[in-house]
Amino acid sequence: MAISRDQYKNEVVDAMVKSRGYKNRMQVPRLQKIVINAGINSNWPKEALEEAIQEITTISGQKPVVTRSKKSISNFKLREGQACGVCVTMRGRRMYEFLDRFIIATLPRIRDFRGVPNRGFDGTGNYTLGVKEQVIFPEIELDKIKRNMGMNVTFATSARTNDEAKELLKLLGIPFAEK
2 MAISRDQYKN EVVDAMVKSR GYKNRMQVPR LQKIVINAGI NSNWPKEALE EAIQEITTIS
62 GQKPVVTRSK KSISNFKLRE GQACGVCVTM RGRRMYEFLD RFIIATLPRI RDFRGVPNRG
122 FDGTGNYTLG VKEQVIFPEI ELDKIKRNMG MNVTFATSAR TNDEAKELLK LLGIPFAEK
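So the sequence shown is numbered by the working numbering: it starts at 2 and just counts up by one.
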């Protein structure tokens with residue numbers, strides 16, 4: 002069950018106030034943004050960047066920013082200023098729409114899915130989930146894929162601890178794996 006902004010305000014906030022004992026509804030952590038970040042291999046041809054931009058645009062509904070390397074790394078065959086990935090940040094309505102599609106349509110398409118892992122928290126209330134290939138997104142057409150591209154999906158919350166963030170994301174509908 003994925004959730005909209007109105008359901009968050011009515012159901013999730015009430016459940017968090019009840020379980021955590023917050024004195025004010027504004028103390029309840031909220032989902033601030035969702036960031037999708039995909040890296041581009043420097044050995045790939047130049048059209049791989051355009052393909053990545055097109056696929057991330059299809060997945061997120063908005064055009065990504067091209068990330069460039071800050072310094073040269075000879076072992077990775079990477080030069081300073083070379084395009085090394087794409088990144089998109091979603092907020093507001095578009096963020097909740099992506100969350101809904103991600104939970105209902107995308108996660109069940111992962112092979113042998115038993116829930117998302119619990120180890121993706123960073124200690125400050127943010128959760129990152131690695132996706133191995135973009136074919137799990139229903140928006141991507143399998144016939145048009147030339148190379149598999151992994152990506153990270155980061156859920157940035159205003160929670161201060163991992164426990165708060167996990168409870169918030171669980172109430173939003175993200176299915177965590179049982180230990």
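Positions of the beta carbon are idealized from the N, C-alpha and C atoms, including for glycine. Fair warning: this is a prediction, and the values are worked out from it, not measured in the lab.
- Closest option to Pro65, judged by alpha-carbon separation, among Glu81, Asn11, Asn153 and Ile37: Ile37.
- Distance between Phe103 and Gln8, taken at the CA atoms: about 17 Å.
- Three or more pairs of CB atoms, one per stretch, sit closer than 8 Å, so the stretch 150-158 contacts the stretch 25-39.
- Counting every other CB atom within 10 Å of its CB across the protein chains shown gives Lys147 a total below 16, marking it as exposed.
- In this structure, the alpha-carbon of Gln28 lies about 19 Å from that of Ser5.
- Just so you know, the alpha carbons of Asn119 and Lys171 end up roughly 11 Å apart.
- The three-state secondary structure of Gln33, taken from DSSP, is strand.
- By the neighbour-count definition (other C-beta atoms within 10 Å, threshold 16), Lys167 is a buried residue.
- For Ala157, the three-state secondary structure derived from DSSP is strand.
- In this structure, Arg92 sits away from Gln63, with a CB-CB distance that is not shorter than 8 Å.
- Cys85 sits close to Gly40, with the two beta carbons spaced by under 8 Å.
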